[in-house]
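Count the sequence shown with full-length UniProt numbering and you get residues 1 to 765, in order. Note that the Cβ used here is the ideal one computed from N, Cα and C, for glycine as well.
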Amino acid sequence: DSSFLHFHESDCDIRGSSCESVLSLNTEKILSQAKSLAEQKRFPFATDNDNTNEELGKMPYTRLEEPDLVSAIYGRGIAYGKKGLHDMKNAELALFELSRVISLEPDHPEVFEQRAEILSPLGRISEALSDLTRAIQLQPSARLYRHRGTLYFISEDYATAHEDFQHSLELNKNQPIAMLYKGLTFFHRGLLKEAIESFKEALKQKADFVDAYKSLGQAYRELGNFDAATESFQKALLLNQNHVQTLQLKGMMLYHHGSLGEALKNFKRCLQLEPYNEVCQYMKGLSHVAMGQFYEGIKAQTKVMLNDPLPGQKASPEYLKVKYLREYSRYLHAHLDTPLTEYNIDTDLPGNFKDHWAKNLPFLIENYKEQPGLQPHIKDVLFQNFENYKPEVQDLICVADHLGSMMQYETPGFLPNKRIHRAMGLATLEVMQAVQRTWANSKVRMNGKTRLMQWRDMFDIAVKWRRIADPDQPVLWLDQMPARSLSRGFNNHINLIRGQVINMRYMEYFEKILHFIKDRILVYHGANNPKGLLEVREALEKVHKVEDLLPIMKFNSKTRDGFTVNTKVPSLKDQGKEYDGFTITITGDKVGNILFSVETQTTEERTQLYHAEIDALYKDLTAKGKVLVLSAELGEADAVCNLILSLVYYFYNLMPLSRGSSVIAYSVIMGALMASGKEISGKIPKGKANLFCFVTFQLVDFEAMTAPGSEAFSKVARSWMNLKSISPSYKTLPSISETFPTLRTMIEVLNTDSSHCFKKTIIVV
1 DSSFLHFHES
11 DCDIRGSSCE
21 SVLSLNTEKI
31 LSQAKSLAEQ
41 KRFPFATDND
51 NTNEELGKMP
61 YTRLEEPDLV
71 SAIYGRGIAY
81 GKKGLHDMKN
91 AELALFELSR
101 VISLEPDHPE
111 VFEQRAEILS
121 PLGRISEALS
131 DLTRAIQLQP
141 SARLYRHRGT
151 LYFISEDYAT
161 AHEDFQHSLE
171 LNKNQPIAML
181 YKGLTFFHRG
191 LLKEAIESFK
201 EALKQKADFV
211 DAYKSLGQAY
221 RELGNFDAAT
231 ESFQKALLLN
241 QNHVQTLQLK
251 GMMLYHHGSL
261 GEALKNFKRC
271 LQLEPYNEVC
281 QYMKGLSHVA
291 MGQFYEGIKA
301 QTKVMLNDPL
311 PGQKASPEYL
321 KVKYLREYSR
331 YLHAHLDTPL
341 TEYNIDTDLP
351 GNFKDHWAKN
361 LPFLIENYKE
371 QPGLQPHIKD
381 VLFQNFENYK
391 PEVQDLICVA
401 DHLGSMMQYE
411 TPGFLPNKRI
421 HRAMGLATLE
431 VMQAVQRTWA
441 NSKVRMNGKT
451 RLMQWRDMFD
461 IAVKWRRIAD
471 PDQPVLWLDQ
481 MPARSLSRGF
491 NNHINLIRGQ
501 VINMRYMEYF
511 EKILHFIKDR
521 ILVYHGANNP
531 KGLLEVREAL
541 EKVHKVEDLL
551 PIMKFNSKTR
561 DGFTVNTKVP
571 SLKDQGKEYD
581 GFTITITGDK
591 VGNILFSVET
601 QTTEERTQLY
611 HAEIDALYKD
621 LTAKGKVLVL
631 SAELGEADAV
641 CNLILSLVYY
651 FYNLMPLSRG
661 SSVIAYSVIM
671 GALMASGKEI
681 SGKIPKGKAN
691 LFCFVTFQLV
701 DFEAMTAPGS
711 EAFSKVARSW
721 MNLKSISPSY
731 KTLPSISETF
741 PTLRTMIEVL
751 NTDSSHCFKK
761 TIIVV
């Protein structure tokens, strides 16, 4: 924010004498003399710009009360600084003059501050920080701490920036801008509740502070509080209806909440005010495509594609993604009315295209043949009113909304998305119906073939709904990627802590992972450093957070710069055998910044091992399911439930999809359990960690990945699922695959308004 970066905001009382000008001059005389000097260029470093020369001509007079060499040099430095940020030559001249002043009189803080102001826009941040540090040493002030905090903030050193903003506020507490940026230092470290308190404090100091309302809205959005975020964004827009950043952020929140029509209004307004805003243009195109309005969507995408970055300029994330979205949009449009059972996205899209898209690489694909353009005879998707659906289909939609809401994580960082809820609720019902048919020996139609359903077909039902709910994300099977990509390994990577940035979604799992790491460190030193084991054990007793592990790394030369820990997944099929789980990585630098991450590496060999395990479980599940259809014994139902949870346990640990594995797997759990006559009535609980164990959890995928085995995962999952007998009314629901047989019908049902469901009695409640 340029207003925040302006270095000459006064900290004095405007009514006080200290704010009066130090100049008491005959202005007319100064201007006359300056013009004369400028015309004759009778001073050093004259420029080709008359206005700049006239400004320089004034400088020898700016300190008439101190008519010495230093004042004249300082004056020239200021003049060059004012003009020089648009001209590298003038900027360098300004730095030259200010450096001369410092060499002659090194005890004036304002000169260091002025030089820092010129250095920072040139990207010479470390030099600017040194100058501001020297200025603070000479004469600390709220302004100087605030300015230095700004540069630390720009450098992403949020902890140090926070300290400076705090010092600034201690010297002058009434600084709404400093309070705002103090909040932003919390926000960027994942400390959202602390950030919210700071933003609220900034608003107490300045009630019409648009940026504070905008930041407060974004903090609530990241927290997953849609209503509070909406209220804050709305207050910002009431103060300034043309605030582009707020329109952009509000639009993105609405998109990820599943309110695509409302999101589109914000993006259109954003583009009226700022036609070349790439984010709003990209999101406008994405919103149109998600709603089935392909002509308008591709038109907006093309505008982003035409905005090529300048030489040396880094391409924006939107520019990198837009060509993939355009190609995918063309493919979807061409298949709008083709039966879903007759084609397969994973086999239709070129391998290199999928590989580059999933890895978010620049669109540089050799010999790529573009998808055909939009065909005029294929019309866009039209909006369908809820009332136009038959009553039984209306019931179906409302049941799907209810089931989808059961999948919502009640934890910070997860914004409810009603479009995803409906899509995955419909996926759950379709899985239920497909599994029931399979257990009754019926075949299914998949990918142009009629055959008995396999486990991948079951997951593919959920995959197709997850794909169409948000076409921005490539939901692709990794084992269908090109062989070369698989041979190198395809990583699903999650940063838990990166530098000073904490991934708040997974904070509740830090303690559990930390205990696992400590156990593995003891095993490692027991085998490789038995003499130092006691010392390591004593050091580990003092480790209470991830950062405390950094000193432990120094106990062994091999782990001095960091270490990795691999989890193992025990086999049910082959007792005693273990598969690779995920890898935990911890590295640290000299100043204490760490990288704490987890990743799963999908290789062909690892995939085949997991597939064999899942194949065996699915075979048992199908056999038990067929028995269950003919029997109502409780033991059979329990066995089926455990097989379903065990199968999904291996799916979670395999992580076979580029995106969306978690919600896809959970919808399969719900659907398969419903096919067995059981329904989940408990919501996914909030995770709550203690020093010894996890009694509840918040992320189903992470619970599976950190469980010691499938039995442990099944036990803890069943402890909160609160399974009950399924309502007989589910049997009367229409067939999902027959009601929504094409992409067009899927998009139509995701677009339709669901507010009427609150007026209906949902049959499962």
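7 angstroms Cβ shell around residue i - same chain, five flanking residues per side excluded
i, result
"G677", "A637, S725, I726"
"S287", "Y255, L260, A263, L264, F267"
"Y319", "E278, V304, N307, P309"
"V431", "M458, I461, A462, S667, V668, G671, A672"
Residue environment, residue i, which counts as buried when at least 16 other CB atoms sit within 10 Å
i, result
"G217", "buried"
"I378", "exposed"
"Q608", "exposed"
"H243", "buried"
"R451", "exposed"
"D211", "buried"
"K235", "buried"
"Q175", "buried"
"E578", "exposed"
"Y276", "exposed"
"N417", "buried"
"E535", "exposed"
"residue 767", "Given a span of 1 to 765 for the chain in the structure shown, any question on residue 767 remains unanswerable."
"T428", "buried"
"H544", "exposed"
"K314", "exposed"
Among the options, nearest to residue i - alpha-carbon criterion
i, options, result
"N360", "N593, L654, V322, S737", "V322"
"I154", "S141, Y181, Q139, S667", "Y181"
"I502", "L93, V523, E156", "E156"
"V700", "S667, I517, H162, G625", "S667"
"residue 822", "E197, P339, Y158", "In the structure as shown, the chain starts at 1 and stops at 765, and residue 822 therefore has no counterpart that could be examined."
"M253", "A228, W357, L271", "A228"
"D580", "T587, I586, G588, N566", "N566"
"C270", "Q245, H257, I461", "Q245"
"T745", "T185, W465, I118, K284", "W465"
"Y213", "I497, L184, L628, V627", "L184"
"L93", "R115, L104, S103", "R115"
"A300", "M283, A704, P728", "M283"
"A178", "D337, E194, L98, T150", "T150"
"A91", "I118, V101, V111, L325", "I118"
"T564", "Y524, L621, A539", "Y524"
Supposed close pair residue i, residue j - CB separation, criterion 8 angstroms
i, j, result
"Y649", "S710", "4 angstroms"
"E327", "F353", "7 angstroms"
"V475", "G660", "5 angstroms"
"S120", "A128", "4 angstroms"
"Q281", "R330", "Rounded, the Cβ-Cβ distance is 18 angstroms, inconsistent with contact."
"A135", "P106", "11 angstroms between Cβ atoms; not a contact."
"H402", "G373", "Not really, about 41 angstroms apart at Cβ, beyond 8 angstroms."
"F596", "L496", "5 angstroms"
"E113", "L132", "7 angstroms"
Residues bridged to residue i [DSSP beta-bridge criterion]
i, result
"H493", "E599"
"M446", "K449"
"L657", "W477"
"T585", "T564, S597"
"V111", "Answer is none; V111 lacks a bridge partner."
"P412", "BP columns for P412 are empty, so no partner."
"E679", "K724"
"I502", "I497"
Contacting residues, own chain, Cβ-Cβ under 8 angstroms from residue i (five flanking each side not counted)
i, result
"S487", "T603, E604"
"D615", "W455"
"F414", "G224, Q408, R505"
"E613", "S571, L572, K573, Y579, Y650"
"Y152", "L129, Y158, T160, A161, D164"
"S485", "G351, D355"
Cutoff 6 angstroms; reference residue i; Cβ partners in own chain excluding five residues on either side
i, result
"N642", "S714"
"T438", "M453"
"Q384", "E748, T752"
"L171", "A142"
"L654", "Y610"
"N447", "N344"
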